[in-house]
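Enquirer: My questions will all concern the structure given below.
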Amino acid sequence: MNEGLAADLRSVMSADRVRTNATELGLYRRDASNIEGSAGVVCFPLTTTEVQAAVRTAQRHGVAFVARGAGTGLAGGATPLDHALVIATTKMNRVLSVDAVNRMAWVEPGVLNLDLTRQVSHLGLHFAPDPSSQQSCSIGGNVANNSGGPHCLSDGVTASHVLGLEVVLSDGSVVQFGGEEPEEEGLDLRGAFVGSEGMFGIATKVLVRLTQNAPTVKTMLMDFASVEAGAQTVSAIIAAGMVPAALEMMDQLCVQAVEAYIHAGLPLEAAAVLLVEVAGLAAGVEADAERIVEIGLAHDAGTVRIAKDEAERALLWKGRKTAFGAIARIKPNYYLHDTVVPRRMLPEVLRQVYEIAERHQLLVMNVFHAGDGNLHPLLVFDKREPGVMERVHAAGEEIVRASVAAGGVLSGEHGIGMEKRDFMPMMFAPADLAAQAAMRRGFDPTGLANPYKVLPSAGACGDVQHVPDGAWV
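Every number in my numbering is 71 more than the matching position in the sequence shown, counting from 1.
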């Protein structure tokens, strides 16, 4: 703990919002990943001015700082290292203004994803990115990781729904990227900031695009005797010229865990189920739904269930969005990966995922955004078992390598953080990594904004990075 830093922070914000208690620091030593670090001080600013003061205080003390929202990140991006200052934005949770005519809203970074949609639902609007953690994840975290979600197949991920940002840079200056004007002149610094994982500064206000609710929605559930048949159905739907609102798949072990939790009458004997949703004008939705059912049956779908009302639709989506929590009925711990592969490679990569898990004597559940090939293998385990973490991390690395070898990428929405930082050379040549490091230096010349993340060797100031000992658990 840095007593001098804490004392200076208490001079710029109320003492009760600067925490140094060992128990509280322990709670902030990690995000939702399997990576632990160490927090030196945790503070809870309420305004842009207080964030600015916190950053400047950290700079004076030469202490790294990490922005943290709800802590739902899964790649270690919000894990503080070397007793860094954690700047928690959870109390900055106001929707500042809503422009229903132009479909935009200014919000603070601590606003929860689903709360934003709830606050504008009476206007017939919603915030389209919808991560599975949307009940608890914050808009600031969505911006940091360029988050997606089941309904981003047709609408796009967070970058498509952020129009502007107010940002505190690492020197304490406040700037605005983008804004309410349709096209800003100059470089797209807004686009560069979204997905920068806290390395470029801290967003204190976000101008989000709001999306009109579709007049008609139809949700279908198909089951298959093999994962391959389900994956081939996904490719056939896209090949037919349709882009549904969502195309989600769960394998048998995942379905069984979810059904034990929600009791929705899911087909327990199916090797895989495919959740398909189409949205738009009534005639188009009906035509697309009929064609999708035809495609499913042509690929040996066992049964097709169409939600008869909003209550049944909500129940089916509850099953998909609570899948990660439902697995606690099988084992107490899981490691959730996030890679993307070409749709045509889904059957082959999934086959490899099952083989990798079996070889490492682990259970694996697959629940993923099938429409865009975004895989989420869950390695399920009990960390009290001796040696299991070594097997989990070895299997995880093999899954990442198999995905990249198939023409895929390291992450679709969870970010790189520390989890996949050392895998970056799988995708990027040294010149590419140097260019990314140069951009980082442009935003953060001192290297104090969330260091040791994303870049494997070229640090914010060109130094070789290292992860402090004991970061992995």
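For each residue, glycine too, the CB sits at the ideal point set by N, CA and C.
Taking Cβ to Cβ, would you say residue 163 is nearer than 8 Å to residue 234?
Expert: As a first step, residue 163 must be located in the sequence shown, where it is residue number 92. As a first step, residue 234 must be located in the sequence shown, where it is residue number 163. Cβ distance not < 8 Å, so residue 163 and residue 234 don't count as in contact.
Enquirer: Within a Cβ cutoff of 6 Å, which residues of the same chain sit near residue 303, ignoring the five residues on either side of it in sequence?
Expert: For the purposes of this step, residue 303 is identified with residue 232 of the sequence shown, where counting begins at 1. If we look at residue 303 and ignore the five residues flanking it on each side, its Cβ neighbours are 370.
Enquirer: Rounded to whole angstroms, how far is the Cβ of residue 509 from the Cβ of residue 436, which I believe are closer than 8 Å?
Expert: Along the sequence shown, one-based indexing puts residue 509 at 438. Along the sequence shown, one-based indexing puts residue 436 at 365. In fact, because the Cβ distance is near 40 Å, the residues do not count as touching under 8 Å.
Enquirer: Can you give the Cα-Cα distance for residue 317 and residue 220, rounded to whole angstroms?
Expert: By one-based count along the sequence shown, residue 317 stands at place 246. By one-based count along the sequence shown, residue 220 stands at place 149. For residue 317 and residue 220, the distance between alpha carbons rounds to 9 Å.
Enquirer: Please state the DSSP three-state secondary structure of residue 223.
Expert: Within the sequence shown, residue 223 is the residue found at index 152, counting from 1. In this structure, residue 223 counts as helix in the three-state DSSP scheme.
Enquirer: Going by Cα to Cα distance, which pick from 173, 166 and 138 is closest to residue 100?
Expert: The count along the sequence shown starts at 1 and reaches residue 100 at position 29. Nearest option by C-alpha distance: 138.
Enquirer: Taking the beta strand (DSSP E) that residue 553 falls in, what are its first and last residues?
Expert: No answer is possible for residue 553: the residues shown for the chain start at 72 and end at 544.
Enquirer: The beta strand (DSSP E) that contains residue 273, what's its start and end?
Expert: One-based indexing of the sequence shown puts residue 273 at position 202. Residue 273 -> beta strand (DSSP E) spans 273-280.
Enquirer: Run the CB neighbour count on residue 258, radius 10 Å, all protein chains shown included, and call it buried at 16 or more, exposed below.
Expert: Within the sequence shown, the letter at position 187 stands for residue 258. Looking at its Cβ environment, which holds fewer than 16 other Cβ atoms inside 10 Å, residue 258 is exposed.
Enquirer: At the level of alpha carbons, what is the spacing between residue 350 and residue 308?
Expert: Translated into positions along the sequence shown, residue 350 becomes position 279. Translated into positions along the sequence shown, residue 308 becomes position 237. Spanning the two alpha carbons is a distance of roughly 15 Å.
Enquirer: Under 6 Å Cβ to Cβ from residue 132, same chain only, skipping five residues before and after it: list those, please.
Expert: In the sequence shown, the residue the question calls residue 132 occupies position 61. Once the five neighbours on either side are set aside, the close Cβ partners of residue 132 are 76.
Enquirer: Determine, using beta carbons only, whether residue 125 and residue 153 come nearer to each other than 8 Å.
Expert: Your numbering for residue 125 matches position 54 in the sequence shown. Your numbering for residue 153 matches position 82 in the sequence shown. No, the pair does not count as a contact, with Cβ atoms beyond the cut-off.
Enquirer: For residue 484 and chain C, any beta-carbon pair shorter than 8 Å?
Expert: Among the chains of the structure shown, chain C does not appear; only one protein chain is present.
Enquirer: On a CA-only basis, which of 81, 408 and 344 is nearest residue 474? Give me that one, please.
Expert: Within the sequence shown, the letter at position 403 stands for residue 474. Residue 408 is the option with its Cα nearest to residue 474.
Enquirer: Residue 158 and residue 180 - do their beta-carbons sit closer together than 8 Å?
Expert: Position 109 of the sequence shown, counting from 1, holds the residue named residue 180. Position 87 of the sequence shown, counting from 1, holds the residue named residue 158. In this structure, residue 158 does not lie closer than 8 Å to residue 180 by Cβ.
Enquirer: Would you decide whether residue 193 is buried or exposed? Buried here means 16 or more other CB atoms lie within 10 Å of its CB.
Expert: As a working note, residue 193 is residue 122 in the sequence shown. Burial call: exposed.
Enquirer: Rounding to the nearest angstrom, what Cα-Cα distance links residue 417 and residue 377 in this structure?
Expert: Mapped onto the sequence shown, residue 417 falls at position 346. Mapped onto the sequence shown, residue 377 falls at position 306. About 25 Å.
Enquirer: Under DSSP, the beta strand (DSSP E) around residue 297 begins and ends at which residues?
Expert: One-based indexing of the sequence shown puts residue 297 at position 226. First-last for residue 297: undefined, no H or E at that position.
Enquirer: If we count the other Cβ atoms within 10 Å of its Cβ and call it buried at 16 or more, is residue 502 buried or exposed?
Expert: Here residue 502 refers to the residue found at position 431 when the sequence shown is read from its first residue. Exposed is the call here.
Enquirer: Just reading off the alpha helix (DSSP H) that residue 467 is part of, what are its end residues?
Expert: Against the sequence shown, residue 467 aligns to sequence position 396. Start and end: 459-476.
Enquirer: Enumerate in chain order the residues of its own chain whose CB-to-CB distance from residue 261 is below 7 Å, with the five nearest sequence positions on each side excluded.
Expert: Here residue 261 refers to the residue found at position 190 of the sequence shown. 233, 235, 236, 248 and 249.
Enquirer: Is the distance from the Cβ of residue 483 to the Cβ of residue 424 below 8 Å?
Expert: The sequence position of residue 483 within the sequence shown is 412, counting from 1. The sequence position of residue 424 within the sequence shown is 353, counting from 1. Taking 8 Å as the Cβ cut-off, residue 483 and residue 424 do not qualify as a contacting pair.
Enquirer: What is the rounded straight-line gap between the Cα of residue 306 and the Cα of residue 339?
Expert: Along the sequence shown, read from residue 1 onward, the residue named residue 306 stands at position 235. Along the sequence shown, read from residue 1 onward, the residue named residue 339 stands at position 268. Rounded to the nearest angstrom, the two C-alpha atoms are 24 Å apart.
Enquirer: For residue 543, which three-state DSSP category applies?
Expert: Counting from one through the sequence shown, the residue named residue 543 turns up at place 472. With a pLDDT of only 42 at residue 543, under the threshold of 50, the placement of this residue in the model should not be trusted, and no figure is reported.
Enquirer: Please report the straight-line C-alpha distance between residue 140 and residue 362, rounded to a whole angstrom.
Expert: Counting from 1 along the sequence shown, the entry for residue 140 is found at position 69. Counting from 1 along the sequence shown, the entry for residue 362 is found at position 291. When rounded, the distance between both Cα atoms is 42 Å.
Enquirer: Taking residue 515 as the reference, which of 282, 278 and 238 has the closest Cα?
Expert: Stepping through the sequence shown from its first residue, residue 515 is reached at position 444. If we check each option's Cα against that of residue 515, 238 comes out closest.
Enquirer: I'd like the span of the alpha helix (DSSP H) that includes residue 449, first residue to last.
Expert: Position 378 of the sequence shown, counting from 1, holds the residue named residue 449. Unbroken run through residue 449 is the beta strand (DSSP E), 448-452; no alpha helix (DSSP H).
Enquirer: Following the continuous alpha helix (DSSP H) through residue 132, name the residue where it begins and the one where it ends.
Expert: In the sequence shown, counting from the first residue as 1, residue 132 sits at position 61. It spans 119-132 - the alpha helix (DSSP H) in which residue 132 sits, taken as one unbroken run.
Enquirer: What are the partner residues of residue 410, as DSSP defines its beta bridges?
Expert: For the purposes of this step, residue 410 is taken as the residue at position 339 of the sequence shown. 446.
Enquirer: Confirm, please, whether the CB-CB distance from residue 184 to residue 266 is below 8 Å.
Expert: Residue numbering aside, residue 266 sits at position 195 when the sequence shown is read from its first letter. Residue numbering aside, residue 184 sits at position 113 when the sequence shown is read from its first letter. No, they are not a contact pair.
Enquirer: Does residue 111 come out as helix, strand or coil in the three-state DSSP assignment?
Expert: Taking the sequence shown and counting its residues from 1, one reaches residue 111 at position 40. Reduced to three states, the DSSP call for residue 111 is strand.
Enquirer: Buried or exposed, going by whether 16 or more other CB atoms sit within 10 Å of the CB of residue 457?
Expert: For the purposes of this step, residue 457 is taken as the residue at position 386 of the sequence shown. The residue in question, residue 457, is exposed, as its Cβ has fewer than 16 Cβ neighbours within 10 Å.
Enquirer: Please tell me whether residue 325 and residue 438 are closer than 8 Å, where the distance is taken between their beta carbons.
Expert: Counted from its first residue, the sequence shown places residue 325 at position 254. Counted from its first residue, the sequence shown places residue 438 at position 367. For residue 325 and residue 438, yes; Cβs fall inside 8 Å.
Enquirer: Can you name the residues that DSSP bridges to residue 51?
Expert: Here the chain covers residues 72 to 544 and nothing more, so residue 51 does not appear.
Enquirer: Where DSSP assigns a beta bridge to residue 237, which residues make up the other side?
Expert: The residue you call residue 237 lines up with position 166 of the sequence shown. Answer by DSSP bridge pairing, in chain order: 247 and 276.
Enquirer: Can you look up residue 313 in the DSSP assignment and give me helix, strand or coil?
Expert: As a position in the sequence shown, residue 313 is number 242, starting the count at 1. In this structure, residue 313 counts as coil in the three-state DSSP scheme.
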